[in-house]
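Q: One structure coming up, written as structure tokens, with questions to follow.
Residue numbers (our numbering): 30 to 389.
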């Protein structure tokens, strides 16, 4: 399996050139195909990424933070600086609050691209996990002196907010390298199940399972394929479908060809099979109660992610409808008990990140 030497968004690394679709957080979303009603329910977030609803009905969002003053190091050819600015915020009873702070964050000095908490998931109240990304060879983590081992792993987050480091995804990639080729690892999309955590490694191009004892195994490896050059799958999201199988969306890598992103169906023990294709830069997916699949496209065009993102609903019969458009660097989608869609917006910006509520 080939691995690209440069990867954007999760490169969910997250992100090469930060090209805003509009000048400020106050810009108006473009009208969607279904004239969806859109409301901002969370604001002032730092690079908001993964969303999850807790069993009590609260909405949680992972914030990748804004890096900091160091230590700094040259990683993938660019200067990146550490700061304990990652967080998890909660929306509960109409109140927004950061419930966990001080999580590791790393920012590219030249572009502002930030890596840190990428996703949050929970099985029950008070039993949450968070992925902390990396987006490079995991063996280079010591370059960030004293703090590098905080990246590319899972964090366990109890109800108290007193989080602790858990499973080391980077160490597994370095030892097993399931996809072959140059080492690369970036813990990204996350699913928590009874007795296991399942996550996508957007750098290693694989789907991993962590059991209750902390043992890590490979569930699937996703293929590279030609798009004018050999490019990675870059899996960004994982959910369980109505049939009990895993479904994984891929961003794809450089050159981010329009229509090249796929959704895979995975049954453990079998090779991944293509479930749906023809999407562009998939950053997250979610199933609705009627079996419809909602696909969040980070961008609708491959030109440095300059074009706005959207949400596409795929009905059980395969019919596709754009239900929301004009999104600015969206990074995650979740479906509430109220049937509304919740989307992280301005997901590559510090201080102006939002969560939108969309009534399709």
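Ideal Cβ positions, reconstructed from N, Cα and C, are used throughout, including at glycine.
The model shown is predicted, which means the values in this text are computed figures rather than measured ones.
Let me see if you follow: with CB-CB separation under 9 Å, is residue 178 close to chain D or not?
A: Checking the listed chains, one finds no chain D in this structure; it contains a single protein chain.
Q: When we look at the beta-carbon of residue 193 and count the other beta-carbons within 10 Å, is it buried (16 or more) or exposed?
A: Exposed.
Q: Does residue 135 pass the burial test, meaning 16 or more other C-beta atoms within 10 Å, or should it be called exposed?
A: By the neighbour-count rule (16 or more Cβ atoms within 10 Å), residue 135 is buried.
Q: Kindly indicate which residue of 131, 132 and 72 has the alpha-carbon position closest to the one of residue 120.
A: Cα-wise, what sits closest to residue 120 is 72.
Q: Tell me, to the nearest whole angstrom, how far the beta carbon of residue 228 is from that of residue 222; I am working on the premise that it is less than 8 Å.
A: So it is not a contact: roughly 11 Å between Cβ atoms.
Q: Relative to the C-alpha of residue 266, which candidate in 95, 243, 360 and 110 has its C-alpha closest?
A: Checked all of 95, 243, 360 and 110; the closest Cα to residue 266 is 360.
Q: Apply the 10 Å Cβ neighbour rule to residue 329 and answer buried if 16 or more other Cβ atoms are within range, or exposed otherwise.
A: Burial call: buried.
Q: Taking buried to mean at least 16 other C-beta atoms within 10 Å of its own C-beta, is residue 264 buried or exposed?
A: The residue is buried, with at least 16 neighbouring Cβ atoms inside 10 Å.
Q: So for residue 360, helix, strand or coil by DSSP?
A: Residue 360 falls in the coil class under three-state DSSP.
Q: I need the straight-line Cα distance from residue 374 to residue 102, nearest angstrom please.
A: Near 29 Å, if we compare the C-alpha coordinates of residue 102 and residue 374.
Q: On a Cα-Cα basis, can you pick out the residue from 114, 149, 206 and 208 that is closest to residue 185?
A: Selected option, being the one with the closest Cα: 149.
Q: Helix, strand or coil for residue 199? Go by DSSP, reduced to three states.
A: Helix, per DSSP.
Q: State the Cα-Cα distance for the pair residue 233 and residue 351, rounded to the nearest angstrom.
A: Cα to Cα, the separation comes out at about 31 Å.
Q: Starting from the C-beta of residue 188, find all residues in its chain whose C-beta is less than 6 Å away, skip the five residues before and the five after it, and write them out in chain order.
A: The answer, listed in chain order, is 155.
Q: Where does residue 280 sit, in a helix, a strand or coil, going by DSSP?
A: If DSSP states are grouped into helix, strand and coil, residue 280 belongs with coil.
Q: In chain order, what residues of the same chain lie with their CB nearer than 8 Å to the CB of residue 100, ignoring the 5 residues before and after it?
A: Once the five neighbours on either side are set aside, the close Cβ partners of residue 100 are 110, 111, 173, 174, 175 and 176.
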